[in-house]
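Notes for the one structure printed next.
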């Protein structure tokens, strides 16, 4: 525990659920708060913490509760109020802290010489057996408010101030998640309104701008909000001093990627910057929009994050927040495939970090979610949606008649993973179910003539899209020969409609890499991400199509400024480059958890660094020779 | 809806769950907050409300959220922030209000000419199908805070002020739930501390007193707390002006009981006063202690309440609060028999008030709770506790080896009730299960030699207590001949240990009445409750034993002032007198829901009144003739 002594403690998962509520309720657009449209799971309002000690000497300690937390401390049979100085006798003592709070997590902080709160305490919710209390390096101070996630702050001055249409437009060097601090040169002349934008166009778009606000008349501060441009109508650039207080969660970027291709270096750098901005308390899809915690986006973020920051905590926070409480009644974000990706992502996380404690906390939740999924199969064993469920997979024109093939591929993948992780009896059931499912996919969805999987077997239309093939390859659901076949008949077949979303492009590029089409993928990285760089972006966009007219570049989802210009899934080159072009992949059997197997022929020089637990792996290619060393991170 | 137009609306059950958290977290004893020690179910933090209108003219309306509630209003496809003036076009409009709040129920108030919030709206939680939104006559004003239950206030002056041990003791005419208002005669000389008591002894007991506090130095107010005596150490009776602001939920007593026996009249009156004080937002066990919502106490309150106030809402609030959310993971207050009493009580409530809407809301919850109960049966079909479950039944010396007979009786009763209420398929299952269970009770627990049910069939000790026999009679689980037999062999057998708790005395007296032993019951009422009156009580106590030495009269649960001196279950004479001695019992087939069948020979004159929906039934006995009329309540 890094030498830190006392920690705030809470019931495992509850602080995540509380802050997930805050996160999912934080979206504001054009003056309207827009809380996420799915079931939002709450936290436990009543928890008891316990620990026994054997003390050499009597000592005193205090117990503080979080905001509005009430309760008492019991030392053997003696009661004390929260906040009081507690006298603890020498010898064997049983201590319990009874805490309750309606509006926030009933966390407590026990502060004494030998008696102090950390994960050595148990937590009880009067329903499940006692569990180990949870704590975090972010919450270690007695006076801290656990309803506020601690942020670091960096102050940015604008790189440009100009007069536009009788107002002042301020430009910052990059997108930020910041509170503006506005100080009028003439005291008392605080500007009435500020329009923020990810683009210059958005900030100047008046009422079409996503986010505008009135600075606090006293402090000149605005709410924390994503922005790169700030427009103050009616103000001259010289009338005000404007600073952006960028507020961010302390998650350092630990990776470095330098090769002899400057475009790739710059792509990695901008991807790292983009992704870093999207790492808040949870993985966000984008910094401006939605700021809701989405399972599909988070799944991809897991792959980027492990190469970029190696911060397991943000992964665990996000996975816990997405999953909610047991028993699951709805799917992750209401999306059935996001439930499947959640199972796959949680397994991937456990594999990458070899975190047994987290896995044993999550495994029952994975099993209960799988139980829900298996309960909604049709007579052939295919997964279908219940009323209110969303079978998404991708924004693509699927033939959605009956069960969708791609959804079954994800179920087969999730079942295989569960068969690996679960205890013997269940493992057998998962394995058997997976086997029957892959047989049924073969029987119903495989089209011998087209040598491809059809979307729907019920409609008779036998339409083919790329998704089922991609997932079959990525999740290793079919033999190698079949993979090679469908790569030809589907992935390199121009008659099959192309993947149009960067979301699913991630899976497609992954599939291509797995099939060895590295050159093709590198070309795509250079073209798509390099194209964005050429267009002058400071962060990678949710989607980019240079063919679109300038006036539509910022539009998405029917909104003229709907497109996110700093979007987590646009950071996937970090994963693709590190995994397939540097050749570093998670391997639980390797001493530091990583296998290193670089492909030949892409670089003449490389100098990279990636997180591996407490160490950083350093990889270099010099004069035709790869080398791999490692150093404790933060030592130098 | 009583001519009231707009109401605050919320997801059904959620305001009850929110206020139940407040209630169960409100106990404070000797400076320690003591939140209830069971799973505390939360409310939904994200709800959407919807309604369609066909408007003759355009109109404007506003939507207000509760404290900290965020969200937006959607009129067809146009968004408005909460709080804004919303313009609504003529013709068909779809309106939805999207609301979220972490710390309180996301309730909303829609205020317009034709567009306003009431139970005609639907509520959605993104999990279950849409349901009718809930509202209440207590929450009708746009500026109201739904986190504060509205209370009426009545100011009491002390009936006595005296100097005791150098301090001032103030006595009020009765127990109150009040905030004291203390005004020092010399400005600025606010007393430092106040000790409150239900008894004079408690108020004077210093640190042994349950509740003491410092008056607010500015306002002179103390927190709302049960008390009849207030002691201000160091103050003279003339130094301060003290008033008690009794704060209570507006639930009028509608019953009146006058007969030719003054003791019974006075018992009814004090019971009514006692019970009325225990009717807060929920049925409380007692006004000083615990103030937690207990299922067993609430079950008995249902029987008193329907004769005293006829207020169905407090019954429904309490039943909802006790039950929590679906699926149930724990038992009501962790007590397995309280889950059974909850099913029985909810059925009793539905029977008494013929409230189909409430029943259809609760029936799925009754079924899922029964599912939990049935899941924890042993190989013979007997209900047993899981780890953490509490098989309570009563504070009695049961032979608790293996399944307990009384618990099986309650299960049989609950199954019969469910068989009556559920739809055909389930009804058959419940009926069949009940039949098998009663057969098994007969086989394993009936002792032919003792002609009684034994507590335990596994221990071989064949111990007999009264509880199983009482429940078999009360819930009509055995034929009449068997009832008569066990009345003799158990109820009137001095070798069987007597019932020692007033809690279970309720069931025993009920059983005796059902068997026609009215005279014996009336004698007990006169002796026990009349005895309390003779001792000079102003409210009926949790327990009363004139044999105990004076110094121990206030002690209970190992605490010198642990006994509650104003306790709901002590009000049971209201039920016993009204049901068995006036002869008024719920009967769904009767036009006003009540059957009137008075016994002869107990009174020579009677003049009574009891609530029956919108009317009050008036019953009189004059010159040997009973009469029954009814009047709209509140008309005169």
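Residue numbers (our numbering), protein chains in the order written: chain X, 24 to 659; chain G, 24 to 659. Where a beta carbon is used, it is the ideal one built from N, C-alpha and C, also for glycine.
Original post:
Quick one: which chain X residues come within Cβ less than 8 Å of residue 15 (chain G)?
Top reply: This structure gives no information on residue 15 (chain G), because the portion of chain G shown stretches from 24 to 659.
Subject >> chain X contacts made by the region 100-122 of chain G, where a contact means CB separation under 9 Å >> reply: 102, 103, 104, 105, 107, 121, 122
Original post:
Under 9 Å between C-beta atoms, does residue 453 (chain X) make it to chain G?
Top reply: The count along the first chain starts at 1 and reaches residue 453 (chain X) at position 430. No, residue 453 (chain X) lies away from the interface with chain G (no Cβ there is under 9 Å from its Cβ).
Subject >> Where the beta strand (DSSP E) through residue 175 (chain X) begins and ends >> reply: The sequence position of residue 175 (chain X) within the first chain is 152, counting from 1. Start and end: 175-179.
Subject >> Unbroken alpha helix (DSSP H) run spanning residue 361 (chain X), endpoints >> reply: In the first chain, counting from the first residue as 1, residue 361 (chain X) sits at position 338. Segment 359-376, the alpha helix (DSSP H) holding residue 361 (chain X).
Original post:
In whole angstroms, what is the alpha-carbon distance linking residue 391 (chain X) and residue 645 (chain X)?
Top reply: Residue numbering aside, residue 391 (chain X) sits at position 368 when the first chain is read from its first letter. Residue numbering aside, residue 645 (chain X) sits at position 622 when the first chain is read from its first letter. Those two C-alpha atoms are separated by around 50 Å.
**OP:** Would you tell me roughly how many angstroms separate the C-alpha atoms of residue 468 (chain G) and residue 400 (chain G), rounded to the nearest one?
**Re:** As a first step, residue 468 (chain G) must be located in the second chain, where it is residue number 445. As a first step, residue 400 (chain G) must be located in the second chain, where it is residue number 377. So the two alpha carbons sit approximately 16 Å from each other.
Original post:
If you measure beta-carbon to beta-carbon, which residues of the region 57-71 of chain G are closer than 8 Å to chain X?
Top reply: 57, 58, 59, 60, 61, 62, 63, 65, 66, 67, 68, 69, 71
Subject >> Own chain, CB closer than 6 Å to residue 281 (chain X), minus 5 neighbours either side, in chain order >> reply: Mapped onto the first chain, residue 281 (chain X) falls at position 258. Excluding sequence neighbours, residue 281 (chain X) sits near 288, 630.
Subject >> residue 396 (chain G), buried or exposed, once every other Cβ within 10 Å from all chains shown has been counted against 16 >> reply: Position 373 of the second chain, counted from the first residue, corresponds to residue 396 (chain G). Flag for residue 396 (chain G) reads buried.
Subject >> Cβ-based neighbour list, residue 475 (chain G), same chain, cut-off 7 Å, excluding 5 preceding and 5 following >> reply: Taking the first residue of the second chain as 1, we reach residue 475 (chain G) at position 452. Closer than 7 Å at the Cβ level, and outside the excluded window around residue 475 (chain G), lie 487, 492, 509, 512, 513.
Original post:
Helix, strand or coil: which one does DSSP assign to residue 603 (chain X)?
Top reply: Looking up residue 603 (chain X) in the first chain gives position 580. DSSP places residue 603 (chain X) in helix when its eight states are reduced to three.
Original post:
Skipping 5 residues on each side, what residues in its chain have a beta carbon closer than 7 Å to that of residue 634 (chain G)?
Top reply: Position 611 of the second chain holds residue 634 (chain G). Closer than 7 Å at the Cβ level, and outside the excluded window around residue 634 (chain G), lie 277, 278, 332, 333, 656.
Original post:
Which residues, taken in chain order from the region 231-252 of chain X, show a beta carbon closer than 9 Å to some beta carbon of chain G?
Top reply: none
**OP:** State yes or no: is the beta carbon of residue 660 (chain G) nearer than 9 Å to at least one beta carbon in chain X?
**Re:** Summary: the structure shown does not reach residue 660 (chain G), with chain G confined to residues 24 through 659, and so no result is reported for it.
Original post:
Along chain G, in chain order, which residues have C-beta atoms closer than 7 Å to that of residue 350 (chain X)?
Top reply: Your numbering for residue 350 (chain X) matches position 327 in the first chain. The contacting residues are 350.
Subject >> Minimum length 3: unbroken beta strand (DSSP E) runs contained in the region 581-634 of chain X >> reply: 607-609, 617-619
**OP:** Quick one: give me the first and last residue of the alpha helix (DSSP H) that residue 42 (chain X) is part of.
**Re:** Here residue 42 (chain X) refers to the residue found at position 19 of the first chain. Note, residue 42 (chain X): alpha helix (DSSP H), 37-47.
**OP:** Report yes or no: do three or more beta-carbon pairs, one from the region 408-423 of chain X and one from the region 369-376 of chain X, lie closer than 8 Å?
**Re:** no
**OP:** Tell me where the alpha helix (DSSP H) around residue 503 (chain X) begins and ends.
**Re:** Mapped onto the first chain, residue 503 (chain X) falls at position 480. Residue 503 (chain X) -> alpha helix (DSSP H) spans 503-509.
Original post:
In three-state DSSP terms, what is residue 490 (chain G)?
Top reply: If you number the second chain from 1, residue 490 (chain G) lands on position 467. It is helical.
Original post:
Which residue comes first and which comes last in the alpha helix (DSSP H) that contains residue 248 (chain G)?
Top reply: If you number the second chain from 1, residue 248 (chain G) lands on position 225. Per DSSP, residue 248 (chain G) belongs to no alpha helix (DSSP H); it is in the beta strand (DSSP E), 248-255.
Original post:
For the region 525-550 of chain X, which residues have a CB atom closer than 7 Å to at least one CB atom of chain G, in sequence order?
Top reply: none
Subject >> Presumed contact (8 Å Cβ cut-off) between residue 116 (chain G) and residue 75 (chain G), rounded CB distance >> reply: As a first step, residue 116 (chain G) must be located in the second chain, where it is residue number 93. As a first step, residue 75 (chain G) must be located in the second chain, where it is residue number 52. Going by Cβ atoms, the distance from residue 116 (chain G) to residue 75 (chain G) rounds to 7 Å, so yes, they are a contact pair.
**OP:** Kindly indicate which residue of G:84, G:106, G:101, G:313 has the alpha-carbon position closest to the one of residue 93 (chain G).
**Re:** By 1-based counting over the second chain, the position of residue 93 (chain G) is 70. It is G:106 whose Cα lies nearest to the Cα of residue 93 (chain G).
**OP:** Round the Cβ separation of residue 198 (chain X) and residue 300 (chain X) to the nearest angstrom and send it over; I've been treating them as touching at under 8 Å.
**Re:** Here residue 198 (chain X) refers to the residue found at position 175 when the first chain is read from its first residue. Here residue 300 (chain X) refers to the residue found at position 277 when the first chain is read from its first residue. Correct: roughly 6 Å between the Cβ atoms.
Subject >> CB-CB length for residue 286 (chain X) against residue 553 (chain X), believed under 8 Å >> reply: Taking the first chain and counting its residues from 1, one reaches residue 286 (chain X) at position 263. Taking the first chain and counting its residues from 1, one reaches residue 553 (chain X) at position 530. Residue 286 (chain X) to residue 553 (chain X), Cβ: 5 Å. Contact.
Original post:
Does any C-beta atom of chain G lie closer than 9 Å to the C-beta of residue 179 (chain X)?
Top reply: On the first chain, residue 179 (chain X) is found 156 positions in, with the first residue counted as 1. So, not an interface residue.
**OP:** Measure the C-alpha to C-alpha separation of residue 63 (chain X) and residue 67 (chain G) and round it to an integer number of angstroms.
**Re:** As a first step, residue 63 (chain X) is located in the first chain; it is residue number 40 there, counting from the start. As a first step, residue 67 (chain G) is located in the second chain; it is residue number 44 there, counting from the start. Their Cα atoms are separated by approximately 8 Å.
**OP:** Using only alpha-carbon positions, find the residue among X:458, X:429, X:59 that is nearest to residue 317 (chain X).
**Re:** Numbered from 1 along the first chain, position 294 holds the residue referred to as residue 317 (chain X). Checked all of X:458, X:429, X:59; the closest Cα to residue 317 (chain X) is X:59.
**OP:** Please name the residue, chosen from X:389, X:35, X:364, that lies closest to residue 433 (chain X) on a Cα-to-Cα basis.
**Re:** Here residue 433 (chain X) corresponds to residue number 410 of the first chain, with the count starting at 1. Among X:389, X:35, X:364, the Cα nearest to that of residue 433 (chain X) is on X:364.
Subject >> Span of the beta strand (DSSP E), counted from its first residue to its last, around residue 199 (chain G) >> reply: Here residue 199 (chain G) is taken as the residue at index 176 of the second chain, counted from 1. Its beta strand (DSSP E) spans residues 190-207.
Original post:
Which residues in chain X sit within 9 Å of residue 145 (chain G), going by Cβ to Cβ distance?
Top reply: Start at 1 with the first residue of the second chain, and residue 145 (chain G) comes out as number 122. Near residue 145 (chain G) there are no residues of chain X at all, since even the closest Cβ is about 14 Å away, more than 9 Å.
Subject >> Distance between residue 34 (chain X) and residue 357 (chain X) (C-alpha atoms, nearest Å) >> reply: What you label residue 357 (chain X) is simply residue 334 of the first chain in a count that begins at 1. What you label residue 34 (chain X) is simply residue 11 of the first chain in a count that begins at 1. So the alpha carbons of these two residues sit roughly 25 Å apart.
Subject >> Contact set between residue 45 (chain G) and chain C, taken where Cβ atoms lie within less than 9 Å >> reply: Of the protein chains in the structure, X and G, none is chain C.
**OP:** Name the two residues that bound the continuous alpha helix (DSSP H) containing residue 151 (chain G).
**Re:** Looking up residue 151 (chain G) in the second chain gives position 128. Unbroken run through residue 151 (chain G): none, as it is neither H nor E.
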